[in-house]
Structures are given as C-alpha cells and as structure tokens.
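Just so we're on the same page, the numbering used here is the position in the sequence shown counted from 1, plus 1.
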Amino acid sequence: MSKVAVVLAVVAIVCSAAVAQEKVIFDTDMITDFDDVGALACLHALADAGECEILATVSSTRGNASVGAVEVINGYYGRPELPVGAPRGIGVLGAYPGAREKVDPASPLGKKGGGDGGHYKYRKLVADYPHWVKHADADDAPDANETYRRVLAAQPDGSVTICTVGFTTNMRRLLETKPDGISTLDGKALVAKKVKLWVAMACQYPNGKEYNSMWDAESSRIAFENWPTPIVFSDFQYGRDCFAGRALAESPADGRNPVRDVFAGNIPSREEVRGNSAMWLQRHFGMGGRAAWDETAVLVAVRGIEPYFNAERGMYRMVGGDGADEWAPDAENGPHVRITERLSKAELGRIIDELMMRKPKNGKAPQSRGATSATDL
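This is the structure in structure tokens:
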C-alpha cells in the first residue's frame, strides 16, 4: 500500500464505524500486568455477541507461561481450538522484561511477589486450570510467524484487524518473513494485502518511554516505520485513568472463573489505593479497578473509533535508542491515529466491566481442582 493509500485509509477509518463482524488477531504479552486478561475476556464476550471473529491469540513473549495463560482464557470461553503462537529468537524472554532467563515450567510455583516481576499470576493460572493448557512453556507453541502467515493467507483481502496489547516483536518479525509454502508473498506484502488495520496499545503522549513500545524498542521502530496499513494507537496517556475490573473482582464467586481469579487476586483494596502516599497505586489503580489500557484497544479493534473516542492524526515514532517515543501531529497526512477522550472514561470503564462480567456463551465449567482462593494470586 502506497503512502497516499495509507493516508486515505486513515481518513476512512477515522470517519467510519466498525463493520458488522470484525476479524481479529489478538497479540498479548501475558507476562506481568493483567489488563491483558481483561482485554482477552472482552474480546471473547464481543465474539459471543457476534461482533467479531477471533482468528488467533498470540503471545509476544517467550520462555514463560504466556501461551498457557492465553489457552486458559480461550478454553474458559469455549474456544480452546484458537491458534496460538510465540516469537522466536528476539524480544522479551522470561518472567518480566529484562529477565533474559527462561522460566522452567517444571520449577516450583513459589509465592506471590517472589521476584518474578508479577509473572506468578500467570504461572498460577496455568497450574489452576491445567486441562485447557496445551503449551505450558511458550517455547513449545508454534512460531508466531507461522501462525500469522497461515491465518492471514486464509482470509479475504483487507479484512483483518490485528490488536496488539503487548510488545511489538511479532509485528516486526512478521514484516521480515520471506515467501514460503504458506504464501508466495513476503511479510510486508502479505500484511498490505490482508490487514486493514493494526490497533496498538503502545507509546506515551506526547513523548516518553512506554512499557510495550520500549522493551523491544528496535522492533517498535522497525514496525512503526514499515507497517503498510493504518495504525491506531490506544496510548498510555489515554488508558491510565480509565479504570475497570473491580466490579468483577468484588462480585460473588459463581463457579470457577479464571478472569475473576486474576482480577480479584491482584487489584488492591480501595483503602490501599486511597492510602498510598507514594501515589504509585493511584497512577495505576482507581476505585474502578486497574487502568484499562488493553481493554480500550480491544474496543477500538472491534467497535471502531466511533462512538466512544475522538481521534487525532499524526505519527508515533521511536527516537534515540533507549525506547523513547514521540508523537508528531499531522492532521492532513499523518499515517497514524491516536484515540482521545469523547465518552467519559468512567462510562467507558463501566462498558468494559459489563463485557468482562458476561458469562461465556459456549464455555464449559472448569474441571474441579479444589477450592481456589483469589488471594492466592
């Protein structure tokens, strides 16, 4: 797609609502934070309502329990057959960014806060719901490149939305793939032909270092500069004070629910948030729950920019070599869009809560593994 075509496509995206049923590939890190779980739960709820078709659920991290955690959520919502994958060779490895050491799935679980950077919650999810887990070690999952190429090649032209709520590793790797037995197109040409939109939870407005874009900064730079279709950003600035998840966390337990387990075990109490003098909790949590960075990206991917958001055109770019980014406004020719507030964030949080609290339409009750305490998470 030429630069002119990308600009025209951006205009069309800003001015139009989503189609009747979006085709979505979901790409998540599932490594430390847990709004990823809320985002995947929202996506499944939207699929249950017929608003989207989930084509694949892929991890952007390796050497950990990320793929197994994705499989637990997929299984709970009655879609255990969804294709999965994980990167090879580059990107974030292990229990947290910077760990650079594989998590041995056979090692003892340990305890919450045991130096794993928050990955404990995902290892526990895999341990508590093993019947849905096919790949306890993400390194045993299919190569994300193969998953992406196979799924994209099978879809109609210009029909797929990719929603990334983790690192950009897989986007860079996909662009760099060569023609193979799946498709005669290289990665960039395959994306240009099959993908209509990339929705990314990434970057910090107007500039800064944001978790998803900084930890594999070279992949972010390559992907942002070379992506051949429009990109819509749900950035750190937007999601940081849109809160969701407490309604689910504080709801009565009604059977085993892995999504509720994660939120109930990891959202601090209202008293903790109010009393946090260092303000760290208040920058990431609120009375409504956890900052809903990833869930907002799912809403954009499935329901479009309308009716919840306004949009600003321009370009996000990586600057320097330390993971910093900056936004350059360009209302006329910007190839990127960042969402801005239209509906109040409190109301948007309630919409996200309602989606997360929906019962799976086709899910099966998890096999009994004894009582599971949410506080164990």
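No residue lacks a Cβ here, since even glycine has one placed at the ideal position from N, Cα and C.
Whole-angstrom C-beta distance between residue j and residue i, which should lie under 8 Å
{"i": "M316", "j": "A329", "result": "5 Å"}
{"i": "A302", "j": "V200", "result": "4 Å"}
{"i": "A224", "j": "L176", "result": "7 Å"}
{"i": "V73", "j": "V85", "result": "So it is not a contact: roughly 11 Å between Cβ atoms."}
{"i": "N65", "j": "H120", "result": "6 Å"}
{"i": "S60", "j": "A139", "result": "6 Å"}
{"i": "P131", "j": "E327", "result": "That pair is no contact at about 44 Å."}
Residue(s) in a DSSP beta bridge with residue i
{"i": "Y317", "result": "W328"}
{"i": "L198", "result": "T162"}
{"i": "K210", "result": "A325"}
{"i": "A245", "result": "R291"}
{"i": "A87", "result": "D144"}
{"i": "V233", "result": "V200, V338"}
{"i": "A312", "result": "I340"}
{"i": "F225", "result": "According to DSSP, which records beta bridges pairwise, F225 is partnered with nothing at all."}
{"i": "L300", "result": "Answer by DSSP bridge pairing: none, since L300 is not bridged."}
Cβ-based burial, residue i [other Cβ within 10 Å; buried from 16]
{"i": "S345", "result": "exposed"}
{"i": "V263", "result": "buried"}
{"i": "E296", "result": "buried"}
{"i": "T29", "result": "buried"}
{"i": "N213", "result": "buried"}
{"i": "Y233", "result": "In the sequence under discussion, the amino acid at residue 233 is Val, which differs from the Tyr named in the question. Classification of V233: buried, given that the 10 Å Cβ count is 16 or more."}
{"i": "K360", "result": "exposed"}
{"i": "G39", "result": "buried"}
{"i": "P1", "result": "Nothing can be reported for residue 1: it is not among the residues displayed for the chain, which extend from 2 to 378."}
{"i": "A372", "result": "Note that A372 scores a pLDDT of 38, beneath 50, so its modelled location is shaky and nothing firm can be said."}
{"i": "V1", "result": "Outside the shown range of the chain, which is 2 to 378, sits residue 1, and nothing can be said about it."}
{"i": "K365", "result": "exposed"}
{"i": "K362", "result": "exposed"}
{"i": "A21", "result": "exposed"}
{"i": "S184", "result": "buried"}
{"i": "T63", "result": "For the record, residue 63 in the displayed sequence is Arg; it is not Thr. Buried."}
{"i": "G287", "result": "buried"}
{"i": "S220", "result": "buried"}
Delimiting residues of the beta strand (DSSP E) encompassing residue i
{"i": "S60", "result": "53 to 60"}
{"i": "K24", "result": "23 to 29"}
{"i": "H337", "result": "337 to 342"}
N-terminal and C-terminal residue of the alpha helix (DSSP H) that residue i is part of
{"i": "K122", "result": "121 to 129"}
{"i": "V263", "result": "259 to 267"}
{"i": "R101", "result": "That residue, R101, is in no alpha helix (DSSP H); it is neither H nor E in DSSP."}
{"i": "L41", "result": "36 to 49"}
{"i": "N75", "result": "67 to 77"}
{"i": "L176", "result": "170 to 176"}
{"i": "A155", "result": "Where A155 is concerned, there is no enclosing alpha helix (DSSP H), given that its DSSP letter is neither H nor E."}
- Count the CB pairs spanning the segment 330 to 342 and the segment 236 to 252 that are closer than 8 Å, and state whether there are at least three. yes
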